[in-house]
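A quick write-up on the structure given underneath.
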Amino acid sequence: MAGFRARTTDPVDLAVVPYPAVTLAFDIGDGTLAVVDSEGREQRDSAVIGMAADGVRGLGRDVACLQLRLSPLLAHAVLDGASAESGGRVVPLDDLWGRDAARLRERLCAAGSWEERFAIAEAALALRCEGGRVVDPEVAYCWRQIVTHQGSVRVDRLAEAVGWSRKWLWSRFRAQLGLTPKRAAQLVRFDQAAHHLAAGNAAARVAAEIGYVDQSHLHRDVMAFAGATPRAVAIAPWLAVDDIAWAEPGYLHDV
């Protein structure tokens, strides 16, 4: 989890680069923060950003936000199986948690420090996780293999490893994590590429190191997930703070 605070009164308009995790965002400022999806729909107060959600932007002024990234395995439990429904969309947390979402946000807003907010959020996640649904062990294994191999893994080999047919793995994986195994692998590989680009590496070098057939395939995936060219993704503000903001369990970043 990380805290983000914009000390300037200038409008904030940040493109959210897709990430292989389910994101929970809580507005703990003055209520001006809006998470806007690719179709222009706004979510305020608290929102769930699904894996591979594209065209998402954070808009506001003098913003304070607590953001949590959950692996899809944890999100499945914390959101009681509803995380898959978010898929590539942005949905209000109230729709998934009911009044608990509003009560949690009130506690976060009333907290006297970021450390207290991190502790409140962590306790809330632990409580939700206790009674939440657990993904199939086979699905969990396949997700971890995809992450371990940075997306360079064949779906048929994953299915063989867990003793399932390709079709059944495809069905169960999508039902529980919101993406097909192939799409999940593409997202994990894109994430690796995006961060290499943000680190200043040339697109041709990134394509070769991450395992793309050539630079045009890298360009295609970057456009598909981020709606921008590799050059634009390389300077995306959201990526610029990633290595700092997510280095520790709880971190505050001023923008």
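Numbering (the UniProt record's numbering), first residue to last: 1 to 255.
Just so it is clear, CB atoms sit at the ideal spot from N, CA and C, and this is done for glycine as well.
These figures come from a predicted structure and were not determined experimentally.
Close beta carbons around residue i, own chain, < 8 Å, minus the five adjacent residues each side
i: residue 172; result: 136, 138, 139 and 164
i: residue 192; result: 150, 151 and 210
i: residue 89; result: 37, 50 and 53
i: residue 11; result: 59, 60 and 61
i: residue 217; result: 207
i: residue 229; result: 219, 222 and 223
Residues bridged to residue i [DSSP beta-bridge criterion]
i: residue 43; result: 35
i: residue 139; result: Looking at the DSSP assignment, residue 139 forms no beta bridge with any residue, so it has no partner.
i: residue 15; result: 57
i: residue 233; result: Paired residues: none, contrary to the question.
i: residue 155; result: Looking at the DSSP assignment, residue 155 forms no beta bridge with any residue, so it has no partner.
i: residue 48; result: 24 and 91
Per-residue DSSP class, three states only, for residue i
i: residue 23; result: strand
i: residue 79; result: coil
i: residue 91; result: strand
i: residue 125; result: helix
i: residue 70; result: strand
i: residue 213; result: coil
i: residue 150; result: coil
i: residue 10; result: coil
i: residue 196; result: helix
i: residue 171; result: helix
i: residue 30; result: coil
i: residue 222; result: helix
i: residue 239; result: helix
i: residue 133; result: coil
i: residue 96; result: helix
i: residue 164; result: coil
i: residue 228; result: coil
i: residue 179; result: coil
i: residue 207; result: helix
i: residue 202; result: coil
i: residue 184; result: helix
7 Å Cβ shell around residue i - same chain, five flanking residues per side excluded
i: residue 133; result: 76, 77, 80 and 81
i: residue 231; result: none
i: residue 159; result: 165, 166 and 169
i: residue 153; result: 145, 146 and 185
i: residue 71; result: 21
Contacting residues, own chain, Cβ-Cβ under 6 Å from residue i (five flanking each side not counted)
i: residue 13; result: 59
i: residue 196; result: 206
i: residue 101; result: 46, 93 and 94
i: residue 129; result: 77 and 78
Cβ neighbour criterion (16 or more within 10 Å) applied to residue i
i: residue 143; result: buried
i: residue 189; result: buried
i: residue 20; result: buried
i: residue 203; result: buried
i: residue 74; result: buried
i: residue 213; result: exposed
i: residue 238; result: buried
i: residue 124; result: buried
i: residue 178; result: buried
i: residue 199; result: exposed
i: residue 127; result: exposed
Exercise for the section: Could you tell me whether the segment 219-228 touches the segment 171-185, using the rule of 3 or more Cβ pairs below 8 Å? Expected result: no
Practice task
Report yes or no: do three or more beta-carbon pairs, one from the segment 93-110 and one from the segment 23-38, lie closer than 8 Å?
Solution key: yes
Practice task
Determine contact between the segment 41-53 and the segment 13-26, defined as no fewer than three beta-carbon pairs at a distance below 8 Å.
Solution key: yes
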